[in-house]
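J.: Here the sequence shown stands for residues 1 to 140, numbered as in the UniProt record's numbering. Would you mind keeping the following structure in view while I ask a few things?
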Amino acid sequence: MNQREELIRLWFQMWLQKKDLGILKLFTANAIYVESWGPKYHGNAEIKHWFDEWNTRGTVLSWEIGQFFHKQNQTVVEWQFRCQMKNSEVTEFDGISLLKWTKDNKVQFLKEYGCKSDNYDPYQVAADRPQFRDEKVDWL
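Spelled out as structure tokens, the structure:
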């Protein structure tokens with residue numbers, strides 16, 4: 001298995017286990033991490049702080065990998081994500097992460113992109129006009 005894929009799997013396992021299994025070794029000291037809905041973290045120490053703090057408020061229920069794409073120092077991973085924050089409903093969405101690696105396979109940049117997993121056909125009811133759901137869009 002590709003070493004970079006194993007490192008991404010380790011990152012996902014950390015969330016599933018709520019346990020830091022090497023965040024400071026996985027990310028560079030000046031890494032940038034951008035979540036799909038906007039927050040941006042600077043450096044492996046801040047990424048670790050976010051990880052530790054977030055896991056006091058929520059639980060990742062599943063984070064399944066679909067596929068990987070590699071090109072030079074970049075990896076894209078497709079995934080499906082489910083979590084639950086304390087006293088809240090379960091949230092789920094599909095996504096991809098774009099990672100940029102150093103020569104020694106540390107993450108220097110990671111940016112997530114999210115997509116609602118509850119998809120529908122807006123033309124199913126009326127073929128000439130789309131019928132969109134009246135719902136709040138979480139992160140667009």
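For every residue, glycine included, the Cβ atom is placed at its ideal position computed from N, Cα and C.
Closest by CA to residue 78, which one among 102, 45, 115 and 49?
T.: The count along the sequence shown starts at 1 and reaches residue 78 at position 78. Closest option to residue 78, Cα to Cα, is 115.
J.: Where does residue 140 land, buried or exposed, given buried means 16+ other C-beta within 10 angstroms?
T.: Numbered from 1 along the sequence shown, position 140 holds the residue referred to as residue 140. Residue confidence for residue 140 is low, a pLDDT of 44 falling below 50, so the modelled location carries little weight; the figure read from the coordinates is stated next. Flag for residue 140 reads exposed.
J.: Return the residue from the list 91, 28, 59 and 35 that minimises the CA-CA distance to residue 19.
T.: Start at 1 with the first residue of the sequence shown, and residue 19 comes out as number 19. The shortest Cα separation from residue 19 among 91, 28, 59 and 35 belongs to 59.
J.: Whose C-alpha, out of 135, 14, 127 and 63, is nearest the C-alpha of residue 93?
T.: As a position in the sequence shown, residue 93 is number 93, starting the count at 1. The shortest Cα separation from residue 93 among 135, 14, 127 and 63 belongs to 63.
J.: Using CA atoms only, rank isn't needed, just tell me which of 65, 122, 72 and 120 is closest to residue 8.
T.: The count along the sequence shown starts at 1 and reaches residue 8 at position 8. Measuring from the Cα of residue 8, the nearest candidate turns out to be 65.
J.: Given this structure, state the Cα-to-Cα distance separating residue 28 from residue 117, to the nearest angstrom.
T.: Residue numbering aside, residue 28 sits at position 28 when the sequence shown is read from its first letter. Residue numbering aside, residue 117 sits at position 117 when the sequence shown is read from its first letter. It is roughly 31 Å from the alpha-carbon of residue 28 to the alpha-carbon of residue 117.
J.: How would you label residue 6, buried or exposed, when you count the other beta carbons within 10 angstroms and need 16 or more for buried?
T.: The residue labelled residue 6 in the question sits at position 6 within the sequence shown. Residue environment for residue 6: exposed (fewer than 16 other C-beta atoms within 10 angstroms of its C-beta).
J.: Bridge partners of residue 91, per DSSP?
T.: The residue labelled residue 91 in the question sits at position 91 within the sequence shown. DSSP lists 83 as partners of residue 91.
J.: What three-state label does DSSP hand residue 45 in the structure shown?
T.: By 1-based counting over the sequence shown, the position of residue 45 is 45. In this structure, residue 45 counts as helix in the three-state DSSP scheme.
J.: To which residues does DSSP link residue 152 through a beta bridge?
T.: No statement about residue 152 is possible, as the shown extent of the chain runs from 1 to 140 and does not include it.
J.: Roughly how many angstroms separate the alpha carbons of residue 99 and residue 128, rounded to a whole number?
T.: Taking the sequence shown and counting its residues from 1, one reaches residue 99 at position 99. Taking the sequence shown and counting its residues from 1, one reaches residue 128 at position 128. So the alpha carbons of these two residues sit roughly 41 Å apart.
J.: Report the residue from 2, 119, 105 and 16 whose alpha carbon sits nearest the alpha carbon of residue 67.
T.: Working through the sequence shown from its first residue, we reach residue 67 at position 67. Comparing Cα positions, the closest option is 2.
J.: Which partner residues does residue 107 have in the DSSP bridge list?
T.: Position 107 of the sequence shown, counted from the start, is the residue given in the question as residue 107. DSSP output for residue 107 lists 27 and 101 as bridge partner(s).
J.: According to DSSP, is residue 3 helix, strand or coil?
T.: In the sequence shown, residue 3 corresponds to position 3, counting from 1. In this structure, residue 3 counts as helix in the three-state DSSP scheme.
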